[in-house]
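From first to last, the protein sequence lines are chains A and B. For what it's worth, my numbering labels the leading residue of the first sequence as 1, then goes sequentially. For what it's worth, my numbering labels the leading residue of the second sequence as 1001, then goes sequentially. Each remark here refers to the structure printed beneath this line.
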Amino acid sequence: EAQVTQNPRYLITVTGKKLTVTCSQNMNHEYMSWYRQDPGLGLRQIYYSMNVEVTDKGDVPEGYKVSRKEKRNFPLILESPSPNQTSLYFCASSRRGAWDAFFGQGTRLTVV
Amino acid sequence: GQQLNQSPQSMFIQEGEDVSMNCTSSSIFNTWLWYKQDPGEGPVLLIALYKAGELTSNGRLTAQFGITRKDSFLNISASIPSDVGIYFCAGPSFPTSGTYKYIFGTGTRLKVLA
Chain A
1 EAQVTQNPRY LITVTGKKLT VTCSQNMNHE YMSWYRQDPG LGLRQIYYSM NVEVTDKGDV
61 PEGYKVSRKE KRNFPLILES PSPNQTSLYF CASSRRGAWD AFFGQGTRLT VV
Chain B
1001 GQQLNQSPQS MFIQEGEDVS MNCTSSSIFN TWLWYKQDPG EGPVLLIALY KAGELTSNGR
1061 LTAQFGITRK DSFLNISASI PSDVGIYFCA GPSFPTSGTY KYIFGTGTRL KVLA
């Protein structure tokens, strides 16, 4: 089954404790991206990757890192999480140039 | 940067009613996308529009690409309870040659009363 898998689905952590949210897709898609969803603000792109070893900043990259060492994986790293990073996070993938992005089920992160 | 504003922000409707929502941009888009997010899930693509003036249907859903290329509209006919969710418009932006990113709207939350 074609899918984008994020882990964990829920995470509560403390300020400053490094964490990684994993994202994996099994569709051989070149394009992968991370979003955060906040009430009233919609979905905002954090980082995106056009292919392996190619990553670019989206609209809200501050406080986040990503890496794309393999085509299927695109982890999101929060080196020092802060409460303003409490949000619902989505990973998505698509074929390069195809606009139908496939989204994961989301990771709800709470930073206290 | 580019922004997409959706209206209404939320709406309650009775089952069987038609629904209209729109998305406006301060700049031109060459592609418009409409996604739906069910509660507890990630967004799923409903309709993609590629040409100004284009009208495309997907079952009870109809979307239009505005002729100014700065807006798009989504209509749902004869709403049913499973239409509940958040509807997002989106479009690609091209910050540099060979790269693109997605801009999503603020969303319209739809609640259907049986």
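Just so you know, even glycine gets a beta-carbon here, dropped at the ideal spot from N, CA and C.
Under 8 Å Cβ-Cβ, which residues of chain B neighbour A/L76?
-> What A/L76 touches in chain B: nothing, since even the nearest Cβ is about 15 Å away.
Identify every residue that forms a DSSP beta bridge with B/D1071.
-> B/T1024
Whose CA, out of A/S94, A/T15, A/W99 and A/D100, lies closest to the CA of A/N26?
-> A/S94
Beta-carbon proximity of A/F134 to A/Q37, cut-off 8 Å = Outside the shown range of chain A, which is 1 to 112, sits residue 134 of chain A, and nothing can be said about it.
Backbone CA spacing between B/E1017 and A/V14 [nearest angstrom] | 46 Å
Taking only beta carbons into account, state which residues of the region 1060-1086 of chain B come closer than 7 Å to chain A, listed in chain order.
-> none
So who's on the other strand from A/R108, going by DSSP bridges?
-> A/Y10 and A/L88
Chain A contacts made by the region 1046-1060 of chain B, where a contact means CB separation under 7 Å = A1048
Expressed to the nearest angstrom, what Euclidean distance is found between the alpha-carbon atoms of B/E1054 and B/D1071?
-> 12 Å
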